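Okay, structure first, notes after.
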Amino acid sequence: MAIGHFSQLYSESPTDCPTARTPEALSSSRQTATTAYSIFHEHWWLDIATGGEWEMATVKHGNQLLGEMPYYLARKGVWRVSRLPPLTRTLGPVIKPIGTDPVREFRHRMHVTTRLIEQLPRFDSFFQVFDHRVKDALAFALRGFTISARYTFHIGPDCTTPEVWARMSSKTRNVIRNAATTLTVRQIEAPGEFLRFYEANLASRSRTNAYGTVVMRELVNAFVDRKAGRLLGAYDRHGRLAGVIGLVWDCDSMYYLLSSRAQASPGGAISLLVWSAIQEAIGRNLTFDFDGFSGAATYDFLSGFGGTLQQRLGVERLSTMYSVARTLKRGASRQSHEAFTPNL
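As numbered in UniProt numbering, residues 1 to 344 make up the sequence shown, in order.
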């Protein structure tokens with residue numbers, strides 16, 4: 001299924017953009033999403049990502065669920081830790097609004113969040129990044145958590161394709177135009193093709209899969225089977241894959257989750273694939289989430305697409321012993337070679 005083979009070169013006018021196809025109807029496992037509920041909160045996702053090692057803090061009033069917060073149970077040597085599971089970009093509390101004025105809504109949110117925090121086990125290390133719809137972490141700050149900020153870019157569903165094209169940097173538009181002359185974007189029907197390409201590219205760079213090969217395979221197969229995501233490939237004129245991306249979505253957003261490019265592939269494959277994904281997100285009336293960045297190079301690449309900067313809050317709490325041990329380990333390993341780690 002072609003997503004957009006852009007065979008022509010476009011003029012310098014920023015509004016000269018390829019037209020997106022009409023997408024299929026949105027398919028999500030949760031059609032009526034509550035506040036800050038994302039695909040990463042889905043039970044099937046957490047079951048796979050954690051190997052079943054997760055729990056849910058819940059707050060109820062009678063039979064009515066007021067709030068919930070999943071967390072990962074893991075061991076790191078002798079330490080009991082809770083972090084984001086593999087390929088799980090955000091978690092955090094999900095609080096049901098009560099539909100009243102802002103002051104009462106805030107008090108309700110603080111009360112429910114506090115009760116959720118009280119249910120968390122005592123971990124040596126606890127860390128989560130919250131969904132962007134969680135706008136404050138005050139209840140966590142008041143209970144000894146350190147609050148930090150992470151960033152991502154969004155393109156909202158209210159944007160049109162020409163508007164997005166116009167907001168891109170001229171460099172990004174030119175890269176997409178050039179890639180479109182030699183590459184065709186198609187859906188990858190068989191997850192195995194995507195996974196083999198991804199692993200081969202890691203091997204060619206002497207890297208290991210930071211997510212875990214088995215977990216990644218099971219999650220990719222699951223979101224494709226559930227129609228909660230898809231895989232796109234950029235193919236050259238000989239039918240060879242030059243680059244791939246993996247997308248997942250819920251009722252609010254489409255997430256740029258995975259990507260990989262062959263070392264010998266022509267430049268622009270990933271840019272072309274991301275542009276195709278943005279068009280699909282707009283057609284599905286979803287926010288396109290670029291899924292964050294952790295360094296200047298990734299920021300430079302993603303900022304060229306003209307998205308709006310969004311903040312995601314991170315919360316962390318460490319035991320005294322774990323904090324000391326981590327500080328000592330970081331000091332000793334600064335000069336050591338580290339395995340490839342993903343952007344969060």
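Quick reminder that beta carbons are idealized off the backbone N, C-alpha and C, glycines included.
On a predicted model such as this, the values are computed, not experimentally measured, just so you know.
- Straight across, the Cα-Cα distance linking T161 with A325 is about 50 Å.
- A check of alpha carbon separations from L183 across G51, L231 and S271 identifies S271 as the nearest.
- The C-alpha of G51 is placed about 28 Å away from the C-alpha of T114.
- Residue environment analysis places H238 among the exposed positions, since fewer than 16 neighbouring C-beta atoms fall within 10 angstroms of its C-beta.
- Residue range P102 to E118 is occupied by the alpha helix (DSSP H) that includes I117.
- Taking 4 residues as the shortest admissible run, the stretch 112 to 170 contains the following complete alpha helix (DSSP H) segments, listed from N- to C-terminal end: 138 to 141 and 161 to 167.
- According to DSSP, Y72 shares a beta bridge with W54.
- Contact between L73 and E42 is ruled out by a C-beta separation of about 18 Å, above the 8 Å threshold.
- For G233, the enclosing beta strand (DSSP E) has its first and last residue at G229 to Y235.
- Annotation for F194: the continuous alpha helix (DSSP H) segment containing it runs P191 to S204.
- In this structure, F288 lies away from I188, with their beta-carbon atoms at least 7 Å apart.
- Looking at the DSSP output, V94 bridges to E68.
- Distance between A264 and L302, taken at the CA atoms: about 22 Å.
- Inclusion of S260 and Y198 in the CB contact set at 7 Å is warranted, their separation being smaller than that value.
- Runs of beta strand (DSSP E) with 3 or more residues, each lying fully within the stretch 214 to 277, are found at 229 to 235, 241 to 249 and 253 to 261, listed in chain order.
- Per DSSP, the unbroken beta strand (DSSP E) holding D289 starts and ends at T287 to D289.
- Contact between L91 and P70 holds, since their C-beta atoms are separated by about 6 Å, short of 8 Å.
- Remark: C-beta atoms of L195 and R226 do not approach each other more closely than 7 Å.
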